[in-house]
Amino acid sequence: MVKYIFVTGGVLSSVGKGILTSSIGKMLQARKLKPTVVKIDPYVNIDAGTMNPYMHGEVFVTDDGGETDLDLGWYERFLDLSLKQNNNLTTGLVYKSVIEKERHGDFLGRCVQIVPHVTNEIKNKIRAVGKAVNADVVLTEVGGTVGDIEGLPFLEAIRQMRVEEGFENTLYVHVALVPILDVTQEMKTKPLQHSVNELRRIGIQPDAIVARSPQMIDAEALRKIALFGTIPEEAVFCSYNAESVYQVPLILDKQGMGDFICHRLALTCETKDFSAWQQFVDAIVHPEHEVKIALVGKYAGLTDSYVSMSEALRHGGAACKTKVCISYLEAEKLEQNPQCVNDLASFDGVFVPYGFGPRGTEGKIAAVQYARENDIPFLGICYGFQLAVIEYARNVCGLKDANSTEINPESSHPVIDLMPEQRGVEYKGATMRLGSHKIILQKGTLAYSLYQQEEIYERHRHRFEVNLDYLDILMKNGLHFTGKSTDGRRMETLELPNNYFYFASQFHGEFKSRPGRPSPEYFGFIQACVNKKLGKPKAPVS
Ligand code: GLN
4 MVKYIFVTGG VLSSVGKGIL TSSIGKMLQA RKLKPTVVKI DPYVNIDAGT MNPYMHGEVF
64 VTDDGGETDL DLGWYERFLD LSLKQNNNLT TGLVYKSVIE KERHGDFLGR CVQIVPHVTN
124 EIKNKIRAVG KAVNADVVLT EVGGTVGDIE GLPFLEAIRQ MRVEEGFENT LYVHVALVPI
184 LDVTQEMKTK PLQHSVNELR RIGIQPDAIV ARSPQMIDAE ALRKIALFGT IPEEAVFCSY
244 NAESVYQVPL ILDKQGMGDF ICHRLALTCE TKDFSAWQQF VDAIVHPEHE VKIALVGKYA
304 GLTDSYVSMS EALRHGGAAC KTKVCISYLE AEKLEQNPQC VNDLASFDGV FVPYGFGPRG
364 TEGKIAAVQY ARENDIPFLG ICYGFQLAVI EYARNVCGLK DANSTEINPE SSHPVIDLMP
424 EQRGVEYKGA TMRLGSHKII LQKGTLAYSL YQQEEIYERH RHRFEVNLDY LDILMKNGLH
484 FTGKSTDGRR METLELPNNY FYFASQFHGE FKSRPGRPSP EYFGFIQACV NKKLGKPKAP
544 VS
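When you line the sequence shown up against my numbering, it's residues 4 to 545, in that order.
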């Protein structure tokens with residue numbers, strides 16, 4: 004019998020539902036249970052792929068090429084799962100299937116309505132995710148805040164699931180903010196009480212409540228939350244600010260949340276074992292070294308735009324007991340004040356992330372040049388890889404006007420160009436080169452040293468690539484392309500063997516980076532930053 008846990012949030016968004024859902028999954032995994040997760044995003048977009056990272060944070064890419072909400076990244080990192088496109092459910096997707104069925108004639112003669120047709124579709128999709136992987140528990144996180152108009156059909160669907168699946172097989176967890184007033188230092192539970200009331204109005208009585216608070220809630224707040232939430236005090240938990248998000252499962256489990264859930268859902272499970280997780284958390288919170296990384300990006304104002312990247316840098320850091328301090332530098336500022344590029348001298352590493360469009364690209368190119376010429380460890384990902392090629396073409400190969408046709412379609416040296424199969428593609432949704440693809444690494448290179456394998460699979464999300472017409476001149480001038488697609492026509496990694504660490508990839512290693520198993524390119528980068536800082540000689544390639 005599959006069990007279902009539903010996580011809803013109140014008071015405001017970004018209250019940490021994603022981390023809570025991942026943490027619940029971790030508590031179940033620690034007891035040898037098999038969870039999977041569905042993220043519901045009530046927006047009308049089919050997927051996150053067409054949304055601006057500035058509004059919504061990064062787009063997380065799954066192995067099967069889904070462009071999903073960033074919470075899937077948290078689930079993958081916490082639970083070491085490889086999720087699929089269908090683990091992310093949106094209003095757009097639900098309506099698309101319902102409308103397709105209607106056109107097909109599946110509801111012939113009937114009036115198609117939100118209840119039951121849309122809600123049935125939602126329930127079927129949630130159940131299908133659990134079935135596909137034979138999960139013990141399906142965790143469903145409902146995005147947005149309780150009371151949003153667009154979330155209503157989803158809440159109605161999960162309300163119906165209690166009746167259909169049975170009380171002992173369903174659990175509603177509600178998380179809401181409990182702020183502490185600056186002036187009086189008082190914990191305020193009223194907003195949480197209101198959001199619980201809103202949930203009840205819809206017909207859902209929570210079974211457990213998580214107070215998201217800056218500090219552990221006091222006895223008075225706990226008593227009030229239980230009383231007004233109509234639940235025992237044992238069902239109230241507190242997710243307070245932690246040094247690292249990876250501590251949250253341990254914090255909640257210590258309060259008894261894991262045992263509470265297993266007992267309430269009558270789950271037969273083994274004694275909990277958090278040892279591997281604890282080991283990783285210890286490495287994160289008790290580092291021996293520290294490095295300062297400059298992340299030069301276009302969306303620097305919202306750190307969630309780069310969350311998988313910053314986490315991959317931290318995973319890499321934990322593996323060499325190093326605290327990674329990231330400064331998010333606005334690429335455009337480097338364009339407006341070119342002397343600012345010299346500030347990069349105070350960093351141990353320069354990181355140029357993914358990106359789209361022309362804004363800020365000259366600033367990023369200046370950062371790449373500075374890192375290359377001053378031998379500061381450098382890692383470039385996707386756009387970072389493409390901009391490194393442009394920088395090299397301009398400043399080493401002497402192709403002054405070199406550019407990507409994404410940035411300047413009129414460039415006389417389009418060293419980065421649209422992939423042939425992208426020509427004529429009009430639709431923007433889900434049409435990039437997406438998901439996991441095989442890459443062949445050349446032995447005796449940095450790429451091979453990092454991965455220790457000739458064949459690797461990494462995830463992608465791009466429309467442009469290295470223009471093969473310029474391969475010769477780039478290589479003759481010393482730029483090494485050491486990883487390629489299976490047909491050898493797509494450049495996937497580049498490196499400069501004479502630099503201390505200079506590496507970039509067309510693929511995104513961050514999406515497969517895990518606590519305790521960091522992405523090799525990110526780990527190699529951070530390790531080089533520490534070693535260089537400690538004055539150690541450059542590691543030889545193997
Ligand atoms: N804009 C570039 C492309 O489409 C890079 C994409 C990225 O950085 N994910 O190829």
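Even glycine gets a Cβ: it sits at the ideal position worked out from N, Cα and C.
{"Query": "Sequence-distant residues of the same chain with beta carbon closer than 8 Å to E291, five excluded per side", "Result": "K324, T325"}
{"Query": "The ligand GLN heavy atom lying under 7 Å from the CB of H197", "Result": "no"}
{"Query": "Which of helix, strand or coil DSSP assigns to D44", "Result": "strand"}
{"Query": "Check whether I43 and E144 have beta carbons under 8 Å apart", "Result": "yes"}
{"Query": "Close Cβ partners of E458 (< 7 Å) along its chain, the five nearest in sequence each way excluded", "Result": "K441, I443"}
{"Query": "Any non-hydrogen atom of the ligand GLN closer than 7 Å to V358 Cβ", "Result": "According to the sequence shown, residue 358 is Gly rather than Val. Because some heavy atom of the ligand GLN lies under 7 Å away, the Cβ of G358 counts as near it: yes."}
{"Query": "Whether L155 touches A179 by CB criterion (8 Å)", "Result": "no"}
{"Query": "Span separating the alpha-carbon of I296 from that of S330", "Result": "6 Å"}
{"Query": "Identity of the residue in E394, D378, V428 nearest G366 by Cα", "Result": "E394"}
{"Query": "Closer than 7 Å: H440 CB and nearest the ligand GLN heavy atom", "Result": "no"}
{"Query": "Backbone secondary structure at G154 - three-state DSSP", "Result": "helix"}
{"Query": "Pick from G491, L31, N91, V40 that is closest to Y46, judged by C-alpha positions", "Result": "N91"}
{"Query": "At least three beta-carbon pairs within less than 8 Å, the region 526–535 to the region 339–353", "Result": "yes"}
{"Query": "Per DSSP, cross-strand counterpart(s) of E333", "Result": "G300"}
{"Query": "Buried or exposed (CB count within 10 angstroms, at least 16 for buried), D210", "Result": "buried"}
{"Query": "Any non-hydrogen atom of the ligand GLN closer than 7 Å to R464 Cβ", "Result": "yes"}
{"Query": "Under the three-state DSSP convention, the category K35 falls into", "Result": "coil"}
{"Query": "Near the ligand GLN: Y386 beta-carbon under 7 Å from a heavy atom", "Result": "yes"}
{"Query": "Those residues which DSSP pairs with E241 across a bridge", "Result": "With the sequence shown as reference, residue 241 is identified as Cys, and Glu is not the correct amino acid for it. Per DSSP, A214."}
{"Query": "CB contact flag (C24, H177, <8 Å)", "Result": "A small correction: the amino acid at residue 24 is Thr; Cys does not occupy that position in the sequence shown. No, Cβ-Cβ distance for T24 and H177 is not below 8 Å."}
{"Query": "Distance cut-off 7 Å: E394 Cβ against heavy atoms of the ligand GLN", "Result": "no"}
{"Query": "Helix, strand or coil at I443 [DSSP, three-state]", "Result": "strand"}
{"Query": "Segments of 4+ residues assigned as alpha helix (DSSP H) that fall wholly inside the region 432–498", "Result": "449–454, 474–479"}
{"Query": "Expected contact under 8 Å - CB spacing of L482 and L497 to nearest Å", "Result": "6 Å"}
{"Query": "The region 78–98 / the region 484–499 touching (three or more Cβ pairs under 8 Å)", "Result": "no"}
{"Query": "As assigned by DSSP and simplified to three states, the class of T93", "Result": "strand"}
{"Query": "Beta-carbon spacing of V284, L253 below 8 Å", "Result": "yes"}
{"Query": "Integer Cβ distance of I264 from M30, believed to fall under 8 Å", "Result": "7 Å"}
{"Query": "Residue environment, C328, which counts as buried when at least 16 other CB atoms sit within 10 Å", "Result": "exposed"}
{"Query": "Bridge-paired residues (DSSP) for S508", "Result": "I384, T496"}
{"Query": "Residue(s) in a DSSP beta bridge with N406", "Result": "P417"}
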